[in-house]
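Peer 1: Starting off with a structure, shown below.
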Amino acid sequence: MELSSVKSMAELWKTDVHHFESLGSTNTSLVADAGSGLPAGTVYVADFQTAGRGRRDRTWEAPPKSSLLCSVLLRPTIQLAEAHLATIAMALSARAAVGSATGLTPMLKWPNDLLFNDAKFGGILAEVAAPFADRPGELALVVGIGINLTFSGPPESVATSLLKATGATIDRDGFLSLLLEELGPRQSQLNTAEGRADLLGEYESVLSTLGREVRVELTDSMVTGQAKSIGPSGELGVEIDGVVRFFHAGDVVHLRPTM
Ligand code: BT5
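So the number in my numbering is just where the residue sits in the sequence shown, counting from 1, plus 922.
If you want it as structure tokens, here you go:
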């Protein structure tokens, strides 16, 4: 897509940021409220979450005012099977925003992690919300992101914060503006086949999981192999015994540290 048309679509991206001192989870609240007709670009941001959520019923922890905790409502015209592309749009936007804010570029790990030196400082959780009944083809998606600004993560996890990893003291609301600016053109790329191909191209070019030995942990099994490629819906292609298998979900462990 030409840069000029990406930019003109970005100008149409109107965001409406709602601040909360405390919520159970910004994702849970925005998913619940999306059905009442909130427009794309609605953002919920909380100083604290009493029930912050990760994927598969896991928790996301963050002491008050230590992190960016926010969720964005998107209404792209994509298939449900392509919903993971919204996580990719958010991951690329966060990578770019962290780069501008700190001068250092983080790693992206499939499917939803932001890392510095193999330690996680950010995670993304995308969920489907109720669509408008009169807009067939449109998918209502809530994409939540947690970024550790000063909190270095729960003790049992391999985690870090932007402060610890980069030395940068980041203002949350300034960072959120940067993130939403980066998300503008990328969320509009979700709406066209060409835009989605560009998004996947950008993702493949920066994803640190590719080329690495990985263990994919599925609900009831695990496999190891070399991460090779990204499929058209954002799925991870892993070569196992000479055959590439694509995974839509699951957790990935990088088996060797980054050099
Ligand atoms: C994620 O899940 O990484 C998605 C996290 C999304 C959080 C945002 S905050 C705003 C919005 N509202 C919500 O309720 N959620 C979203 P997953 O890949 O399942 O990782 C969860 C795991 O990361 C946990 O089981 C812990 O091991 C670890 N973890 C929890 N809090 C962490 C933190 N602050 N930093 C690093 N790791 C953490």
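Idealized CB from N, CA, C, for every residue including glycine.
#1: When DSSP labels each residue in this structure, what does Leu1129 get in the three-state scheme?
#2: Measure the C-alpha to C-alpha separation of Ala1011 and Arg1108 and round it to an integer number of angstroms.
#3: For Lys936, which of helix, strand or coil comes out of DSSP?
#4: Using only the alpha-carbon positions, how far apart do Trp935 and Gly1106 sit?
#5: Which complete beta strand (DSSP E) runs does the segment 1057–1117 hold, if anything under 3 residues is left out?
#6: Report yes if the CB atom of Arg1137 is closer than 9 Å to the CB atom of Thr1146, and no otherwise.
#7: Which of the three DSSP states is assigned to Thr1027 in this structure?
#8: Tell me whether the segment 987–996 and the segment 1065–1074 touch, counting them as touching only if at least three CB pairs, one residue from each stretch, are closer than 8 Å.
#9: Closer than 8 Å to a non-hydrogen atom of the ligand BT5 - does that hold for the CB of Leu1085?
#10: Can you look up Gly1044 in the DSSP assignment and give me helix, strand or coil?
#11: For Ala1081, is the beta carbon positioned less than 8 Å from some heavy atom of the ligand BT5?
#12: Give a yes or no on whether the C-beta atoms belonging to Glu1060 and Pro961 are separated by under 9 Å.
#13: Given 8 Å as the limit, tell me if Trp982 has its C-beta closer than that to any heavy atom belonging to the ligand BT5.
#14: Could you round the C-beta distance between Gly1045 and Asn1034 to whole angstroms and report it? I think they count as a contact, below 8 Å.
#15: Is Gln1109 a contact residue of the ligand BT5, with contact defined as CB to any heavy atom under 8 Å?
#16: Closest by CA to Ile1000, which one among Arg1057, Asn1113, Ser1074 and His1170?
#17: Closest by CA to Lys1042, which one among Leu1002, Ser1127, Gly1075 and Gln1148?
#18: Distance check for Ile1092 and Ser988, CA to CA, integer angstroms please.
#19: Under three-state DSSP, which class holds Ser947?
#20: Which residue's Cα is closest to the Cα of Val939: Val967, Gly959, Ala1051 and Tyr1125?
#21: When you compare only the Cα positions, how much space is there between Glu1078 and Glu983?
#22: My output table needs one value for Gly1159: the three-state DSSP class, helix, strand or coil.
#23: In chain order, what residues of the same chain lie with their CB nearer than 7 Å to the CB of Leu925, ignoring the 5 residues before and after it?
#24: So, using beta-carbon positions, are Leu1140 and Phe1168 closer together than 9 Å?
#25: Only counting the same chain, and skipping five residues up and downstream in sequence, which positions put a Cβ closer than 7 Å to that of Phe1073?
Peer 2: Let's see:
#1: Looking at Leu1129 - three-state DSSP - the assignment turns out to be strand.
#2: Their backbone Cα atoms lie some 6 Å apart in a straight line.
#3: The three-state secondary structure of Lys936, taken from DSSP, is coil.
#4: The straight-line gap separating the alpha-carbon atoms of Trp935 and Gly1106 is approximately 6 Å.
#5: Along the length of the segment 1057–1117, whole beta strand (DSSP E) runs at least 3 residues long occupy 1063–1070, reported in chain order.
#6: Judged by beta-carbon spacing, Thr1146 lies within the 9 Å limit of Arg1137, meaning their Cβ atoms are closer than that value.
#7: Annotated three-state conformation of Thr1027 is coil, per DSSP.
#8: Yes, the segment 987–996 is in contact with the segment 1065–1074.
#9: Leu1085 Cβ: outside cutoff for every heavy atom of the ligand BT5.
#10: DSSP places Gly1044 in strand when its eight states are reduced to three.
#11: Distances taken from the Cβ of Ala1081 to the heavy atoms of the ligand BT5 include one shorter than 8 Å.
#12: No, they are not a contact pair.
#13: Look at Trp982: its beta carbon is less than 8 Å from one of the heavy atoms in the ligand BT5.
#14: By a beta-carbon distance limit of 8 Å, Gly1045 contacts Asn1034. Their separation comes to about 6 Å.
#15: No, the Cβ of Gln1109 stays beyond 8 Å of every heavy atom of the ligand BT5.
#16: The residue with the shortest Cα to Cα distance from Ile1000 is Asn1113.
#17: Checked all of Leu1002, Ser1127, Gly1075 and Gln1148; the closest Cα to Lys1042 is Gly1075.
#18: Cα to Cα, Ser988 sits roughly 10 Å from Ile1092.
#19: In this structure, Ser947 counts as coil in the three-state DSSP scheme.
#20: The option with the nearest alpha carbon to Val939 is Val967.
#21: Taking the straight line from one Cα to the other gives about 12 Å.
#22: Judged by DSSP in its simplified three-state form, Gly1159 adopts strand.
#23: Unreliable placement is indicated for Leu925, whose pLDDT of 43 sits below 50; no coordinate value is reported for it.
#24: No, the pair does not count as a contact, with Cβ atoms beyond the cut-off.
#25: The answer, listed in chain order, is Ala984, Pro985, Ser988, Ser989 and Ser1083.
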